[in-house]
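Residue numbers (UniProt numbering), protein chains in the order written: chain A, 1 to 191; chain B, 1 to 191.
Below you'll find the structure, written out as structure tokens, and then a few comments.
Protein chains: 2
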Amino acid sequence: MARSVEFNEEQAIQKAMEVFWEKGYNSASLRDLTDAMKINSSSLYNTIGDKQELFVRCVQHYTDLRKQDIQKRLKSSDSPFTILVDYIHDAVDVIIKGNGCMAVKMAFEVANADQRVKDILKADSDYAYQFLHDLIKNAMDRGEIATKEDPELLADYFNSTWTGWYESYILHHDAGKIRKMAQYFIKQLSK
Amino acid sequence: MARSVEFNEEQAIQKAMEVFWEKGYNSASLRDLTDAMKINSSSLYNTIGDKQELFVRCVQHYTDLRKQDIQKRLKSSDSPFTILVDYIHDAVDVIIKGNGCMAVKMAFEVANADQRVKDILKADSDYAYQFLHDLIKNAMDRGEIATKEDPELLADYFNSTWTGWYESYILHHDAGKIRKMAQYFIKQLSK
DNA sequence: TTATTTCTGAAACGTTTGTTTTAAAAAAGC
DNA sequence: GCTTTTTTAAAACAAACGTTTCAGAAATAA
């Protein structure tokens with residue numbers, strides 16, 4: 001009957017996500033966003049909705065990518081402990097590269113003011129928790145990890161620990177610091 | 001010669017700080033701020049300066065309060081380990097009370113975009129680091145802490161760890177989780 | 001081709017933003 | 001009490017904000 005949407009929605013969301021990621025929700029203007037997305041604001045409002053709706057979609061997109069990353073790791077034939085250590089090292093690399101984690105940033109900037117965003121971030125956190133928990137438990141059963149601590153606790157502990165590494169890197173830009181803390185965390189697990 | 005300033009500047013800064021703390025830098029409007037400070041914007045611009053300047057003063061004020069808190073703790077006659085454990089428990093209480101830490105929030109929202117703020121937050125982080133480092137070192141010398149880890153590493157580690165507890169509480173509102181992680185951290189130190 | 005529908009681009013919308021101006025009120029020194 | 005200086009309150013400021021309107025272009029189906 002009529003014309004169909006011209007722009008690629010997923011690509012546009014990806015671009016908007018990058019803007020929000022860098023600037024945060026409040027200081028990313030609609031001009032910043034539509035410029036990056038290369039669409040007119042009328043197209044945005046016709047298809048996706050307003051700024052809040054766009055933001056929710058971006059946060060969802062970000063956590064979808066994280067979920068895919070975890071699912072890929074789960075397909076690996078490496079031992080649970082190896083998968084865990086790789087995951088930690090990759091988390092360190094993300095921090096040191098300077099992008100940091102969008103989910104962490106938004107948890108502090110907007111989660112308290114937007115329930116939908118909080119729910120998405122909570123689900124993301126729960127998913128990462130489950131991933132870590134299962135890995136730690138399996139590694140214990142195989143004897144790769146010697147600690148007698150609850151896997152529940154250890155999973156929570158790492159899930160929150162690396163947020164602090166991110167803050168440390170923002171303030172001090174000291175990659176060595178982050179690497180040493182990661183190394184210490186792994187050592188605590190092993191013994 | 002002439003009239004003197006009518007409002008109490010420190011009280012006004014305190015009020016502005018509370019607004020920034022709750023809303024963040026970008027979503028706190030000048031109306032929000034001057035309403036809380038109970039002054040007219042012309043008075044603000046005549047004495048303190050623009051929004052950025054006010055914000056810097058608020059962040060500085062916040063870190064001054066933290067410094068005073070640490071100095072009070074240092075005057076205690078308790079053992080280093082006791083001071084350390086009390087500090088950790090109080091950090092947990094701050095998180096659970098729901099205010100969280102303004103320094104952490106602002107590190108994620110504005111530190112990358114404002115060098116002056118970043119410098120203040122870095123100095124604050126360095127001060128807390130030194131406090132923790134000295135306590136840990138003294139506790140080791142007295143045999144209150146058994147671990148052989150570097151006090152430098154442990155101080156960094158805690159300084160960043162509790163940031164993650166804060167994020168965890170934002171997303172999950174689970175006080176038990178935070179208490180267990182703190183308990184685990186203390187146990188790791190002790191043995 | 002024509003009719004119909006929907007998308008697009010540019011402009012305009014009313015608000016809200018941070019900031020400045022203006023005129024009057026208030027304090028201090030002579 | 002008068003003069004001088006500075007603070008104050010209220011209003012006004014331009015710029016930027018998120019959002020909507022509107023006319024025309026584009027695509028589909030008949």
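Virtual Cβ for every residue (Gly too), placed ideally from N, Cα, C.
The structure presented is a predicted model; accordingly, all values stated were derived computationally and were not measured.
- Item | Contact list for the segment 169-184 of chain B against chain A, Cβ threshold 8 Å | ILE170, LEU171, HIS172, LYS177, LYS180, MET181 and TYR184
- Task: Please state whether DSSP places B/VAL85 in a helix, a strand or coil.
- Result: helix
- Per the contact definition of three or more C-beta pairs closer than 8 Å, is the segment 134-150 of chain B in contact with the segment 72-86 of chain B? yes
- Determine which residues of the segment 16-48 of chain B have a Cβ less than 9 Å from any Cβ of chain A, and write them out in chain order. GLU22, LYS23, GLY24, TYR25, ASN26 and SER27
- 7 Å CB neighbourhood of B/LYS177 in its chain, flanking five on each side removed: SER168
- In chain B, which residues lie less than 8 Å from A/CYS188 when you measure between Cβ atoms? Reading off the sequence, residue 188 of chain A comes out as Gln, not Cys. Correct list: GLN188.
- chain B partners of A/GLU109, CB-CB under 7 Å? GLY24, PHE108 and GLU109
- For B/THR147, does the three-state DSSP call read helix, strand or coil? coil
- Query: Where does A/ILE178 sit, in a helix, a strand or coil, going by DSSP?
  - Reply: helix
- Message: Pairs of beta-carbons, one from the segment 106-114 of chain B and one from the segment 97-113 of chain A, closer than 8 Å: are there three or more?
- Response: yes
- Just confirm the distance between the C-beta atoms of A/PHE185 and A/PHE158, as a whole number of angstroms; I'd bet it's less than 8 Å. 7 Å
- Using DSSP with H/G/I as helix, E/B as strand and the rest coil, what is A/ARG31? helix
- Message: Relative to the C-alpha of A/GLN115, which candidate in A/GLN11, A/GLU53, A/ILE88 and A/SER160 has its C-alpha closest?
- Response: A/GLU53
- Task: Give me the Cα-Cα distance between A/HIS61 and A/TYR166, rounded to the nearest whole angstrom.
- Result: 21 Å
- Task: Enumerate in chain order the residues of its own chain whose CB-to-CB distance from B/MET102 is below 6 Å, with the five nearest sequence positions on each side excluded.
- Result: TRP21 and TYR62
- Message: Please report the straight-line C-alpha distance between B/LEU153 and A/MET181, rounded to a whole angstrom.
- Response: 7 Å
- Counted within 10 angstroms of its Cβ, other Cβ atoms place A/GLY24 as buried (16 or more) or exposed: buried
- Task: State the CB to CB distance for the pair B/LEU121 and A/LEU171, rounded to an integer number of angstroms; the pair is presumed to be in contact (CB under 8 Å).
- Result: 6 Å
- Message: Taking the alpha-carbon of B/LYS67 as reference, which of B/TYR127, B/SER42, B/VAL19 and B/GLY98 has the nearest alpha-carbon?
- Response: B/TYR127
- Item | Cβ of B/LEU121 within 9 Å of any chain A Cβ | yes
- Message: Just checking: is the beta-carbon of B/TYR157 within a distance shorter than 9 Å of some beta-carbon in chain A?
- Response: yes
- Item | Beta-carbon spacing of B/ALA36, B/LYS15 below 9 Å | yes
- Message: For B/ALA91 and A/LYS187, what's the separation of their Cα atoms in angstroms?
- Response: 25 Å
- Message: I want to verify the contact list: residues of chain A whose CB lies under 8 Å from the CB of B/GLU149, in sequence order.
- Response: TYR184
- Residue ranges of each beta strand (DSSP E) within the UniProt domain "HTH tetR-type" (6-66) of chain B, 3 or longer: none
- Query: Whose C-beta lies closer than 7 Å to the C-beta of A/SER41 among residues of the same chain, with five residues either side of it excluded?
  - Reply: LEU30 and THR34
- Message: Could you tell me which whole alpha helix (DSSP H) segments of length 4 or greater appear in the segment 113-149 of chain A?
- Response: 115-141
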